[in-house]
Amino acid sequence: MSKQIVYTEQAPAPIGPYSQAVKVKDMLFVSGQVAIELAPLGDIQAETQKVMENIGAILRAAGMDYVNVVKSSIFVKDMNNFAAINEVYGRFFTSEPPARETVEVARLPKDVNVEISVIAVQ
(Lines of atoms letter the chains of each structure in order from A; the text may use other names.)
(Lines give C-alpha, C1' and ligand atoms only; values in the text may rest on other atoms or scores of the structure.)
Protein backbone atom coordinates (compact mmCIF):
# COMPACT_ATOMS: atom_id res chain seq x y z
CA MET A 14 0.00 0.00 0.00
CA SER A 15 1.29 3.41 -0.95
CA LYS A 16 0.32 6.38 1.18
CA GLN A 17 1.11 10.07 1.02
CA ILE A 18 1.38 12.28 4.10
CA VAL A 19 -0.36 15.61 3.54
CA TYR A 20 0.89 18.68 5.40
CA THR A 21 0.25 22.39 5.04
CA GLU A 22 1.44 25.36 7.05
CA GLN A 23 -2.04 26.85 6.49
CA ALA A 24 -3.36 24.60 9.30
CA PRO A 25 -1.96 23.91 12.77
CA ALA A 26 0.84 21.38 13.05
CA PRO A 27 -0.14 18.13 14.78
CA ILE A 28 0.20 18.21 18.58
CA GLY A 29 1.18 14.54 18.75
CA PRO A 30 2.55 11.66 16.69
CA TYR A 31 0.06 11.87 13.83
CA SER A 32 -0.28 13.54 10.43
CA GLN A 33 -2.65 16.33 9.43
CA ALA A 34 -3.91 13.93 6.76
CA VAL A 35 -3.00 10.76 4.92
CA LYS A 36 -3.90 10.13 1.28
CA VAL A 37 -4.31 6.56 0.03
CA LYS A 38 -5.19 6.26 -3.66
CA ASP A 39 -8.18 8.60 -4.10
CA MET A 40 -9.10 8.78 -0.41
CA LEU A 41 -7.99 11.43 2.08
CA PHE A 42 -8.21 10.88 5.83
CA VAL A 43 -8.01 14.20 7.70
CA SER A 44 -7.14 13.99 11.38
CA GLY A 45 -9.32 15.73 13.94
CA GLN A 46 -8.86 19.48 13.72
CA VAL A 47 -9.15 21.86 16.65
CA ALA A 48 -8.80 25.58 17.29
CA ILE A 49 -6.57 25.69 20.37
CA GLU A 50 -6.12 29.46 20.26
CA LEU A 51 -9.89 30.10 20.30
CA ALA A 52 -11.02 27.53 22.89
CA PRO A 53 -10.47 29.75 25.96
CA LEU A 54 -12.76 32.42 24.49
CA GLY A 55 -15.80 30.14 24.72
CA ASP A 56 -17.20 31.22 21.33
CA ILE A 57 -18.22 27.88 19.85
CA GLN A 58 -19.10 29.41 16.48
CA ALA A 59 -15.69 31.08 16.10
CA GLU A 60 -14.01 27.85 17.18
CA THR A 61 -16.03 25.79 14.69
CA GLN A 62 -15.32 28.30 11.91
CA LYS A 63 -11.56 28.02 12.51
CA VAL A 64 -11.74 24.22 12.63
CA MET A 65 -13.56 24.15 9.29
CA GLU A 66 -11.04 26.58 7.77
CA ASN A 67 -8.22 24.30 8.95
CA ILE A 68 -9.93 21.35 7.28
CA GLY A 69 -10.30 23.36 4.07
CA ALA A 70 -6.59 24.19 4.04
CA ILE A 71 -5.70 20.51 4.39
CA LEU A 72 -8.19 19.49 1.71
CA ARG A 73 -6.70 22.06 -0.69
CA ALA A 74 -3.17 20.83 0.08
CA ALA A 75 -4.34 17.44 -1.20
CA GLY A 76 -5.99 18.92 -4.30
CA MET A 77 -9.51 18.62 -2.90
CA ASP A 78 -12.22 20.82 -1.40
CA TYR A 79 -15.30 20.50 0.81
CA VAL A 80 -17.30 18.95 -2.06
CA ASN A 81 -14.99 15.93 -1.84
CA VAL A 82 -15.89 15.21 1.79
CA VAL A 83 -17.99 12.04 2.15
CA LYS A 84 -17.85 11.54 5.94
CA SER A 85 -17.27 13.71 8.97
CA SER A 86 -17.07 13.09 12.68
CA ILE A 87 -17.74 15.83 15.20
CA PHE A 88 -16.73 15.56 18.84
CA VAL A 89 -18.16 18.20 21.15
CA LYS A 90 -17.81 18.81 24.89
CA ASP A 91 -21.34 20.18 25.29
CA MET A 92 -24.24 18.98 23.16
CA ASN A 93 -26.02 22.23 24.00
CA ASN A 94 -23.71 23.73 21.34
CA PHE A 95 -25.11 21.40 18.66
CA ALA A 96 -27.24 24.05 16.91
CA ALA A 97 -24.46 26.65 16.93
CA ILE A 98 -21.96 24.15 15.50
CA ASN A 99 -24.47 23.07 12.83
CA GLU A 100 -25.05 26.67 11.79
CA VAL A 101 -21.35 27.17 11.01
CA TYR A 102 -20.78 23.65 9.66
CA GLY A 103 -23.70 24.03 7.24
CA ARG A 104 -22.05 27.02 5.55
CA PHE A 105 -19.32 24.70 4.26
CA PHE A 106 -21.69 21.99 2.96
CA THR A 107 -24.52 23.85 1.21
CA SER A 108 -25.56 20.93 -1.02
CA GLU A 109 -25.08 17.19 -0.74
CA PRO A 110 -23.60 17.25 2.79
CA PRO A 111 -21.47 14.29 3.86
CA ALA A 112 -22.52 11.48 6.17
CA ARG A 113 -21.81 12.47 9.76
CA GLU A 114 -22.08 11.70 13.41
CA THR A 115 -21.82 14.08 16.36
CA VAL A 116 -20.69 12.70 19.70
CA GLU A 117 -20.58 14.44 23.06
CA VAL A 118 -17.39 13.65 24.95
CA ALA A 119 -16.18 14.43 28.46
CA ARG A 120 -13.01 16.15 27.34
CA LEU A 121 -10.97 17.00 24.24
CA PRO A 122 -7.22 17.64 23.78
CA LYS A 123 -6.01 21.05 24.98
CA ASP A 124 -9.49 21.65 26.44
CA VAL A 125 -10.98 22.66 23.10
CA ASN A 126 -14.76 22.56 22.74
CA VAL A 127 -15.07 20.93 19.31
CA GLU A 128 -12.96 18.62 17.13
CA ILE A 129 -13.85 17.59 13.58
CA SER A 130 -12.29 14.97 11.31
CA VAL A 131 -13.26 14.14 7.73
CA ILE A 132 -12.79 11.58 4.99
CA ALA A 133 -12.73 12.85 1.40
CA VAL A 134 -12.67 11.12 -1.99
CA GLN A 135 -11.19 12.60 -5.16
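In case it helps, this note's numbering puts the sequence shown at residues 14 to 135. In this text, a Cβ means the ideal position worked out from N, Cα and C, and glycines have one as well.
Self-check item: Check whether M65 and F105 have beta carbons under 7 Å apart
Solution: Translated into the one-based positions of the sequence shown, residue 65 becomes position 52. Translated into the one-based positions of the sequence shown, residue 105 becomes position 92. Going by C-beta atoms, M65 is nearer than 7 Å to F105.
Quiz prompt | Where the beta strand (DSSP E) through R113 begins and ends | solution = As a working note, residue 113 is residue 100 in the sequence shown. Unbroken beta strand (DSSP E) run through R113: A112 to E117.
Self-check item: I98, buried or exposed, once every other Cβ within 10 Å from all chains shown has been counted against 16
Solution: Along the sequence shown, one-based indexing puts residue 98 at 85. It is buried - the Cβ of I98 has at least 16 other Cβ atoms within 10 Å.
Quiz prompt | chain C within 7 Å of V101, Cβ atoms only | solution = The displayed structure is made up of one protein chain only, and chain C is not part of it.
Quiz item: In chain order, what residues of the same chain have a beta carbon less than 8 Å from the beta carbon of Y31, not counting five sequence neighbours either side?
Solution: The count along the sequence shown starts at 1 and reaches residue 31 at position 18. Closer than 8 Å at the Cβ level, and outside the excluded window around Y31, lie S44.
Quiz item: By Cβ distance below 8 Å, which residues in the same chain neighbour V118 in space, the five residues on each side in sequence not counted?
Solution: One-based indexing of the sequence shown puts residue 118 at position 105. Contacts found: F88, V89 and K90.
Exercise. Determine which residues share a DSSP beta bridge with E128 and list them.
Key: Sequence index remark: in the sequence shown, residue 128 carries index 115 (1-based). Bridge partners of E128: F88.
Self-check item: Closest Cα partner of S53 within the set S130, I132, V125 and G76
Solution: On the sequence shown, position 40 is the one that residue 53 refers to. Note that residue 53 corresponds to Pro in the displayed sequence, not to Ser. Nearest of S130, I132, V125 and G76 to P53, Cα basis: V125.
Quiz prompt | Cutoff 6 Å; reference V47; Cβ partners in own chain excluding five residues on either side | solution = Here the question's residue 47 lines up with position 34 in the sequence shown. Contacts found: V125 and E128.
Exercise. Take Q58 as the anchor and find which of V116, E100 and R113 has the nearest alpha-carbon.
Key: Your numbering for residue 58 matches position 45 in the sequence shown. The shortest C-alpha separation from Q58 is found at E100.
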